[in-house]
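Numbering (our numbering), first residue to last: 9 to 87.
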Amino acid sequence: MIAVSIRSLKKSYFDGEAITLTSLNDTGEFDILSEHANFISLIRNYIIIDKGIKSEQKFVISNGILRVKENRVEVFLEV
Numbered sequence: 009m010i011a012v013s014i015r016s017l018k019k020s021y022f023d024g025e026a027i028t029l030t031s032l033n034d035t036g037e038f039d040i041l042s043e044h045a046n047f048i049s050l051i052r053n054y055i056i057i058d059k060g061i062k063s064e065q066k067f068v069i070s071n072g073i074l075r076v077k078e079n080r081v082e083v084f085l086e087v
């Protein structure tokens, strides 16, 4: 599991754990899994959170910054 935080200046959209996080950047769709290497990227269009249950949570976004550090994903939207 990875810790995930998705927020903007005005609102917290998600704060919890996930098995995978999927999003899109200029090179295409990518997944973040547990123990992922440190990583930072500009993202766009969507974020999909898979918590290991039958349904996934999908957030439609315009843009954001995603940072992975020490098994924690932080997403800052509307930047």
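Think of the CB as a built atom: it goes at the ideal place given N, C-alpha and C, for glycine as much as any other residue. As the structure is a prediction and not an experimental result, all values here were calculated from the model.
Residue i - partner residues in DSSP beta bridges
{"i": "Val12", "result": "Gly24, Val81"}
Residue i versus residue j - alpha carbon distance
{"i": "Glu43", "j": "Thr28", "result": "11 Å"}
{"i": "Glu64", "j": "Lys18", "result": "24 Å"}
{"i": "Asn71", "j": "Glu78", "result": "23 Å"}
{"i": "Thr35", "j": "Val83", "result": "18 Å"}
{"i": "Asn46", "j": "Arg80", "result": "9 Å"}
{"i": "Ile14", "j": "Phe22", "result": "5 Å"}
{"i": "Gly24", "j": "Val12", "result": "5 Å"}
Residue j beta carbon less than 8 Å from that of residue i
{"i": "Leu85", "j": "Ser31", "result": "no"}
{"i": "Phe67", "j": "Ile48", "result": "no"}
{"i": "Ala26", "j": "Ile10", "result": "yes"}
{"i": "Asn53", "j": "Ile69", "result": "yes"}
Residue nearest to residue i in terms of C-alpha spacing, selected from the options
{"i": "Leu41", "options": "Ile69, Asn33, Lys59, Phe22", "result": "Lys59"}
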